[in-house]
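Trainee: First, the structure itself, so that you have it in front of you.
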Amino acid sequence: MEKVGRRGMILPFQPLVMAFRNVNYFVDMPMEMRRGKSETRLQLLSEVSGVFSPGVLTAIVGPSGAGKTTLLDVLAGRKTGGYITGDVKISGHPKVQSTFARISGYVEQNDIHSPQVTVEESLWFSSALRLPKEVTKAQRQEFVEQVMRLVELDTLRLALVGLPGSSGLSREQRKRLTIAVELVANPSIIFMDEPTSGLDARAAAVVMRTVRNTVDTGRTVVCTIHQPSIDIFESFDEMLLMKQGGKIIYGGQLGLHSRTLVDYFQVILQNA
């Protein structure tokens with residue numbers, strides 16, 4: 001597949017589709033839960049299927065304990081324990097984790113940064129470690145500049161990151177920096193675990209604008225989200241809705257003003 005550059009960014013990347021089918025995830029059941037039961041494994045994901053596409057912002061939504069982050073971690077290859085079954089393909093090819101790790105990024109819920117460096121230094125360090133050696137220093141510097149503009153941190157390039165809640169960047173700015181640290185690795189697919197968690201409405205809107213900017217580069221972006229506001233919810237293009245037991249009850253487009261989603265459930269209610 002041909003590599004492309006979007007929004008005038010200097011480094012091209014390869015747009016990729018992630019498709020998964022009948023994904024299951026089991027962990028060994030703790031001894032205290034086995035009393036009176038014949039099962040020895042606890043199932044956290046059950047026959048989960050879906051598709052994540054380039055230039056499409058997908059939300060994984062569901063109540064606490066439904067398996068949102070578990071699904072994100074399984075697909076990202078971050079689960080080192082347990083038992084995984086199912087089929088995961090990247091643009092038609094079987095997913096190979098050693099290769100996938102180089103073309104994917106993961107934005108964690110907790111923003112962990114060195115407090116004694118600036119925004120620009122954080123991004124420069126990440127890019128130096130993670131971009132291929134074929135990328136020149138000049139290209140890397142220009143790419144870092146472009147990413148800072150993309151996440152709207154270019155005016156804070158010389159600001160110290162500082163410690164959360166006491167000095168330096170605000171919580172919303174730290175989240176945008178976390179996204180930028182992953183973006184400077186030039187990934188094709190980015191996973192984000194509850195990027196708006198703990199933010200007020202204004203800060204959440206700013207972060208979602210950054211997420212939307214990332215999608216508009218043509219990358220595949222997937223976010224878990226918990227109890228989103230209507231404005232945040234309608235920032236997404238598609239959704240996987242999960243219920244307790246790690247099961248999918250809806251997967252597809254939201255539609256304008258979530259009309260496609262609403263119509264789907266109205267048909268179910270009418271036929272119940």
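The UniProt record's numbering puts the first residue of the sequence shown at 1, with every later residue one more than the last. The beta carbon of each residue, even a glycine, is placed where N, CA and C say it ideally should be.
Could you tell me whether the region 10-28 touches the region 37-56, using the rule of 3 or more Cβ pairs below 8 Å?
Mentor: yes
Trainee: May I ask you to report which of helix, strand or coil DSSP gives S64?
Mentor: coil
Trainee: Please state if the CB of R140 and the CB of V161 are separated by a distance shorter than 9 Å.
Mentor: In this structure, R140 does not lie closer than 9 Å to V161 by Cβ.
Trainee: Between R41, E120, S167 and W124, which has its C-alpha nearest L153's C-alpha?
Mentor: If we check each option's Cα against that of L153, E120 comes out closest.
Trainee: Any idea if E2 is buried or exposed, counting beta-carbon neighbours within 10 angstroms, 16 or more meaning buried?
Mentor: Residue placement at E2 cannot be trusted, given a pLDDT of 45 that sits under 50; the coordinates are not used to answer.
Trainee: Taking 8 Å as the limit between beta carbons, can you name the residues of its chain near L183, skipping five residues before and five after?
Mentor: G105, V147, L150, V151, I190 and T214
Trainee: Determine the DSSP secondary structure at M1, reduced to helix, strand or coil.
Mentor: Bear in mind that the predicted position of M1 carries a pLDDT of just 45, short of 50, making it too unreliable to give a figure here.
Trainee: Rounded to whole angstroms, how far is the Cβ of A180 from the Cβ of L123, which I believe are closer than 8 Å?
Mentor: 6 Å
Trainee: Give me the Cβ distance between L57 and N186, rounded to the nearest whole Å; I'm assuming they're in contact under 8 Å.
Mentor: In fact, because the Cβ distance is near 19 Å, the residues do not count as touching under 8 Å.
Trainee: For V119, which beta-bridge partners are listed by DSSP?
Mentor: Paired residue(s): none; V119 is not in a bridge.
Trainee: On the criterion of 16 or more Cβ atoms from any shown chain inside 10 Å, does L256 qualify as buried, or is it exposed?
Mentor: Label assigned to L256: exposed.
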